[in-house]
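Encoded as structure tokens, the structure appears first; notes follow it.
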Amino acid sequence: MLVVDASAFASWAFPADHGERVSQALVRVMTEEESASSAAIFPLEALHAAGRALARGRFTPSVHQHVLRLLSRLPVALAPLRLSPLEFWSWSQSLQLTAYDAAYLKLAVDLKAPLVTMDRNLQRACLQLDHPVITDLP
0 MLVVDASAFA SWAFPADHGE RVSQALVRVM TEEESASSAA IFPLEALHAA GRALARGRFT
60 PSVHQHVLRL LSRLPVALAP LRLSPLEFWS WSQSLQLTAY DAAYLKLAVD LKAPLVTMDR
120 NLQRACLQLD HPVITDLP
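Residue numbering for the sequence shown follows numbering that gives the first Met the number 0, starting at 0 and increasing by one per position.
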């Protein structure tokens, strides 16, 4: 089981952004060699990133459509947040994470699953918690 965040999906799906370890993890998910979960916000964040990339001219409309098809087919189970907003806010602030990023990490911690991310703050928080992380960040 892996927990995937939107930065990992963007790194894998967007041209020229590939990271080797992250890409391999997501290929295993796509081919169903590995199961994956994510926070309920994952598809919205991934859609937002794809829309911004299209608007900035990072890729063509046809590549954008390809990215949306990848997102549609990626077999990732979406998990709801299981903390009260006050508990969640306290937890995210103690790790100096946005609420969005904390949602991915909290799920990974709860599932005892490695977090697949290209986000530096999430990488730092995983190291701080001694939680497994799959990343291509130095």
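Glycine residues also receive a C-beta, built at the ideal position from the N, C-alpha and C atoms.
>> Between which residues of its own chain and residue 45 is the CB-CB distance below 6 Å, once the five residues before and five after are set aside?
In response: Closer than 6 Å at Cβ, skipping near neighbours: 5, 8 and 70.
>> Going by DSSP in three states, residue 121 sits in which element: helix, strand or coil?
In response: Residue state, collapsed to three classes: helix.
>> Assess contact between the segment 51-60 and the segment 72-89, defined as three or more Cβ pairs (one per stretch) separated by less than 8 Å. Is contact present?
In response: Between the segment 51-60 and the segment 72-89, the count of C-beta pairs closer than 8 Å stays below three; the two stretches do not touch.
> Taking three-plus beta-carbon pairs below 8 Å as touching, is the segment 94-101 in contact with the segment 121-130?
Replying inline: Yes, since at least three Cβ pairs between the segment 94-101 and the segment 121-130 fall closer than 8 Å, the two stretches touch.
> Buried or exposed: which applies to residue 49, given that a residue is buried once 16 or more other Cβ atoms fall within 10 Å of its Cβ?
Replying inline: Buried is the label assigned to residue 49, since at least 16 other Cβ atoms lie within 10 Å of its Cβ.
> What are the start and end residues of each continuous alpha helix (DSSP H) run of 4 or more residues lying completely inside the segment 40-73, in chain order?
Replying inline: As far as the segment 40-73 is concerned, its whole alpha helix (DSSP H) runs of at least 4 residues are 41-54 and 60-72.
> Between residue 22 and the rest of its own chain, which residues show a CB-CB distance below 7 Å, the 5 nearest in sequence each way excluded?
Replying inline: Closer than 7 Å at the Cβ level, and outside the excluded window around residue 22, lie 11.
>> Considering just the uninterrupted stretch of the beta strand (DSSP E) at residue 1, what are its terminal residues?
In response: Run containing residue 1: 1-3, per the beta strand (DSSP E) assignment.
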